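What follows is a single structure, written as structure tokens, with notes after it.
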Amino acid sequence: MDLVEESPYRFRIDRRAPMRVPGMVFASRALLPEAGADRSLEQVANVATLPGIVGASYAMPDVHWGYGFPIGGVAATDVADGGVVSPGGVGFDISCGVRLLAADLDRADLPRIREALMDGLDPAVPRGMGRGAVWRLADRAELDAVLRGGSRYAVERGHGVTRDLARCEDGGAVDDADPAQVSDRAVQRGQGQVGSLGSGNHFLEVQAVDEVYDEPAAAAFGLRSGQVTVMIHCGSRGLGHQVCTDHVRAMEPTMAGHGIEVPDRQLACAPVDSPQGRAYLGAMAAAANYARANRQLLTEAARRVFHRVAGARLDLVYDISHNLAKIETHEVDGVPRRLCVHRKGATRALPPGHADLPDDLRPVGQPVLIPGSMGTASYVLTGVAGAPAFASTCHGAGRTRSRGQAGRAVRGQDLRRDLEARGVAVRGASWRGLAEEMPTAYKDVSAVVESAQGAGLCRLVARLVPLGVVKG
DNA sequence: ATGTAC
Numbered sequence: 035m036d037l038v039e040e041s042p043y044r045f046r047i048d049r050r051a052p053m054r055v056p057g058m059v060f061a062s063r064a065l066l067p068e069a070g071a072d073r074s075l076e077q078v079a080n081v082a083t084l085p086g087i088v089g090a091s092y093a094m095p096d097v098h099w100g101y102g103f104p105i106g107g108v109a110a111t112d113v114a115d116g117g118v119v120s121p122g123g124v125g126f127d128i129s130c131g132v133r134l135l136a137a138d139l140d141r142a143d144l145p146r147i148r149e150a151l152m153d154g155l156d157p158a159v160p161r162g163m164g165r166g167a168v169w170r171l172a173d174r175a176e177l178d179a180v181l182r183g184g185s186r187y188a189v190e191r192g193h194g195v196t197r198d199l200a201r202c203e204d205g206g207a208v209d210d211a212d213p214a215q216v217s218d219r220a221v222q223r224g225q226g227q228v229g230s231l232g233s234g235n236h237f238l239e240v241q242a243v244d245e246v247y248d249e250p251a252a253a254a255f256g257l258r259s260g261q262v263t264v265m266i267h268c269g270s271r272g273l274g275h276q277v278c279t280d281h282v283r284a285m286e287p288t289m290a291g292h293g294i295e296v297p298d299r300q301l302a303c304a305p306v307d308s309p310q311g312r313a314y315l316g317a318m319a320a321a322a323n324y325a326r327a328n329r330q331l332l333t334e335a336a337r338r339v340f341h342r343v344a345g346a347r348l349d350l351v352y353d354i355s356h357n358l359a360k361i362e363t364h365e366v367d368g369v370p371r372r373l374c375v376h377r378k379g380a381t382r383a384l385p386p387g388h389a390d391l392p393d394d395l396r397p398v399g400q401p402v403l404i405p406g407s408m409g410t411a412s413y414v415l416t417g418v419a420g421a422p423a424f425a426s427t428c429h430g431a432g433r434t435r436s437r438g439q440a441g442r443a444v445r446g447q448d449l450r451r452d453l454e455a456r457g458v459a460v461r462g463a464s465w466r467g468l469a470e471e472m473p474t475a476y477k478d479v480s481a482v483v484e485s486a487q488g489a490g491l492c493r494l495v496a497r498l499v500p501l502g503v504v505k506g
């Protein structure tokens with residue numbers, strides 16, 4: 035893949051047929067995916083062929099190989115110009131995302147209560163493949179209420195406070211969810227998983243604010259140096275996975291009829307303005323709301339433990355997805371256009387002044403939450419004005435080695451011992467799952483966020499370090 | 001990510 039270095043942190047893949055736009059990779063030279071080991075830059079070029087794509091096919095500094103689209107990819111299509119929506123541009127874990135809670139505790143309080151907190155969280159946070167959930171839904175009607183209402187429905191039912199919703203993307207629920215487009219099989223898989231972490235890179239972590247880079251922004255977010263925080267990373271579990279599977283299958287046989295040809299079967303798509311496009315977006319919104327309710331219920335589970343063990347409160351800083359497509363208006367060449375912005379392993383980062391931000395955050399910009407790999411730092415960033423890539427930035431460290439490679443390279447027991455020796459308490463779901471998340475299977479998250487800032491995508495606000503991890 | 005292949 036030929037890359038042209040436009041400036042530090044910015045590499046172009048020149049347009050050549052059948053690409054409709056160039057590719058644009060935001061990364062330091064050191065973070066660029068290794069050719070041969072990872073085909074994600076070919077995927078960036080493939081995405082550039084999609085009907086209606088505008089600007090460029092973008093890759094964030096944590097880009098790596100994914101299903102059809104790269105993880106760490108952003109693509110916007112023009113709805114009025116035959117623009118498509120593609121389930122592969124969202125990912126299997128629809129509205130997977132991160133929520134950050136701020137405790138009224140200081141890290142100096144932690145040594146004496148940390149083990150009690152971790153022992154309280156361990157049984158209170160359902161996790162692992164399949165297995166258990168905080169909430170048992172009565173019937174399909176109640177699941178439909180979750181699919182329509184997301185965190186708003188959870189709060190209505192007493193799982194949270196109204197203030198939480200002001201600190202959620204979309205006020206806690208995406209509009210236009212269409213539960214009728216969610217199959218019975220997806221419903222069956224989702225019925226018993228609302229309020230569960232899942233597995234893989236999902237976690238609930240007790241952290242401390244280790245360094246503040248931007249005091250006014252941190253203060254507006256409700257964060258101060260030394261404060262204890264809780265980060266929750268999870269998604270839409272089996273329900274979101276089934277929605278993706280179902281709608282890829284439904285789109286495949288309709289593509290020729292829409293006159294769409296793509297270089298990779300995994301780029302299955304349909305015009306936003308088509309029956310298949312609308313069906314997917316309705317189901318995707320429903321799965322997104324499921325993921326938001328999931329994070330809201332896990333928040334309540336953590337709150338109960340912090341209250342019982344430490345008499346402490348947890349206030350929501352923000353909840354943001356990094357796997358989602360949204361219909362948004364952006365200026366393209368000075369003209370406002372309705373775009374379907376796919377962010378897959380990429381985080382929306384609204385700039386200061388944006389109308390969709392709550393009043394108290396509007397002067398600063400949207401909080402962007404970046405989880406690191408297990409045992410390493412996480413970051414809080416904020417959006418900046420005039421950024422490229424339709425107000426998007428990175429989402430995490432980004433894998434460099436597969437799950438299988440990682441699982442063979444280290445034993446979970448050894449990894450846990452190393453983490454505990456470095457002051458990180460570990461409550462895992464399985465030894466194998468722990469091993470697959472070894473930090474050396476990931477890029478350096480600090481280098482990723484520095485590249486994202488260097489590329490003009492966002493600004494650093496604070497660094498968080500782990501004290502204890504409840505691992506999916 | 002995922003009842004890690006219907």
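If you number the first sequence the way our numbering does, the last residue is 506 and the count never jumps.
Don't be surprised by glycine CBs; every beta carbon is placed ideally from N, CA and C.
Keep in mind that this is a model prediction, so the values were computed, not measured.
- Under the three-state reduction of DSSP, P145 is assigned to helix.
- Classified as buried, M318 has 16 or more neighbouring CB atoms from the shown chains inside 10 Å of its CB.
- In the structure shown, G234 adopts coil according to DSSP, grouped into three states.
- Your pair A336 and V243 does not check out as a contact, with CB atoms roughly 17 Å apart and the cut at 8 Å.
- Its chain contains S129, G269 and S270 as the residues whose beta carbon lies nearer than 6 Å to that of A325, once the 5 sequence neighbours on both sides are disregarded; these appear in chain order.
- Along the segment 216–269, the beta strand (DSSP E) occurs as fully enclosed runs of 3 or more residues at 237–246 and 261–268, listed in sequence order.
- One thing to note: A440 has its Cβ no nearer than 8 Å to the Cβ of A463.
- Closest in C-alpha terms to C428, from the list Q261, A346 and Y43, comes Y43.
- Counting every other CB atom within 10 Å of its CB across the protein chains shown gives S74 a total of 16 or more, marking it as buried.
- Taking a contact as a CB-CB distance under 8 Å, the pair P297 and P52 counts as one, their CB atoms being some 7 Å apart.
- For R191, the secondary structure class from DSSP, reduced to helix, strand or coil, is coil.
- If you draw a straight line from the Cα of V208 to the Cα of R46, it is about 34 Å long.
- Residue range L348 to S355 is occupied by the beta strand (DSSP E) that includes Y352.
- Y413 places its beta carbon 8 Å or farther from that of V119.
- The segment 82–102 makes no contact with the segment 130–138, as fewer than three CB pairs between them are under 8 Å.
- According to the DSSP assignment, R133 belongs to the beta strand (DSSP E) that extends over G131 to D140.
- In this structure, the CA atom of V277 is about 35 Å from the CA atom of G387.
- Taking the Cα of L391 as reference, the smallest distance to any Cα among V262, D204, A90 and S62 is reached at D204.
- S233 and Q261 have their C-alpha atoms spaced approximately 27 Å apart.
- Pairwise C-beta distances place the segment 417–428 in contact with the segment 488–497, as three or more of them are shorter than 8 Å.
- The beta carbons of I87 and G379 sit no closer together than 8 Å.
- According to the DSSP secondary-structure assignment, A459 is paired through a beta bridge with G502.
- Counting only residues of its own chain and dropping the five nearest sequence neighbours on each side, E239 has a CB closer than 6 Å to the CB of M265, P500 and V503.
- Here the C-alpha atom of P85 lies approximately 24 Å from the C-alpha atom of D210.
- Judged by pairs of C-beta atoms under 8 Å, the segment 273–289 touches the segment 214–222, as three or more such pairs exist.
- Between R466 and G409 the beta-carbon gap is near 17 Å, outside 8 Å, which marks them as no contact.
- Assigned with DSSP and collapsed to three states, R493 falls in strand.
- One thing to note: G116 has its Cβ no nearer than 8 Å to the Cβ of Q215.
- Judged by DSSP in its simplified three-state form, F60 adopts coil rather than helix or strand.
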